[in-house]
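A short write-up of the structure that comes next.
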Amino acid sequence: CPKRFASARSLQKHRQVHLDGGLSCPDCGKTLTSKASLVTHRRIHTGERPFACPDCGKGFMATKSLSKHRQAQHIAGGFICTDCGKSLSSHPALVAHQRIHTGERPYECPDCGKGFMAVKSLSKHRKIHR
């Protein structure tokens, strides 16, 4: 398989799909590595948001998303964007967010020169060149 991964953990999870066959989403066909991952993924299709923020009531599809929201929006010490007032959970997240306002695109595709605000976006884009 020619796929590349940024972390050993991601590679290991992907290998498991080849070994076990994985679990396929009946809605879109995406292959996932565990039943829990499939349950969480299917919420994209159903719109279910079973995890409510106790502070504001906003719903989330996963507990990890709820935790990030609470840290950024409700827990003291958040990092505030001076342009729009949004609160972020870390300095790197604030720097990445501020690129929305500045238009900075520091990650350039070596194949076509297109710029991206985040490494993740560049990685996703590079798949079109393979």
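Numbering of the sequence shown is given in the numbering used here, commencing with residue 21 and proceeding in unit increments. In this text, a Cβ means the ideal position worked out from N, Cα and C, and glycines have one as well. Bear in mind the structure is a predicted one, so any value in this text is a computation, not a measurement.
For the region 49-56 against the region 66-82, are there 3 or more C-beta pairs whose distance is under 8 Å? The way I'd put it, the region 49-56 doesn't touch the region 66-82; fewer than three beta-carbon pairs between them come closer than 8 Å.
Where does Ile120 fall in DSSP's three states? In the structure shown, Ile120 sits in a helix (DSSP, three-state: H, G or I).
Can Gly98 and Ser107 be called in contact, C-beta distance under 7 Å? The Cβ atoms of Gly98 and Ser107 lie closer than 7 Å to each other.
Which two residues bound the contiguous alpha helix (DSSP H) that contains Ser85? It spans Thr83 to Gln93 - the alpha helix (DSSP H) in which Ser85 sits, taken as one unbroken run.
Spatial neighbours of Ala92 in its chain, beta-carbon cut-off 7 Å, leaving aside the 5 residues before and after: Cβ neighbours of Ala92 beyond the five flanking positions: Gly98, Ser107, Leu108 and Ser109.
Going by beta carbon distance, what residues of the same chain come within less than 8 Å of His89, once the five residues before and after it are set aside? Apart from the 5 residues on each side of it in sequence, His89 sits with its Cβ closer than 8 Å to the Cβ of Cys73, Lys78 and Phe80 in its chain, given in chain order.
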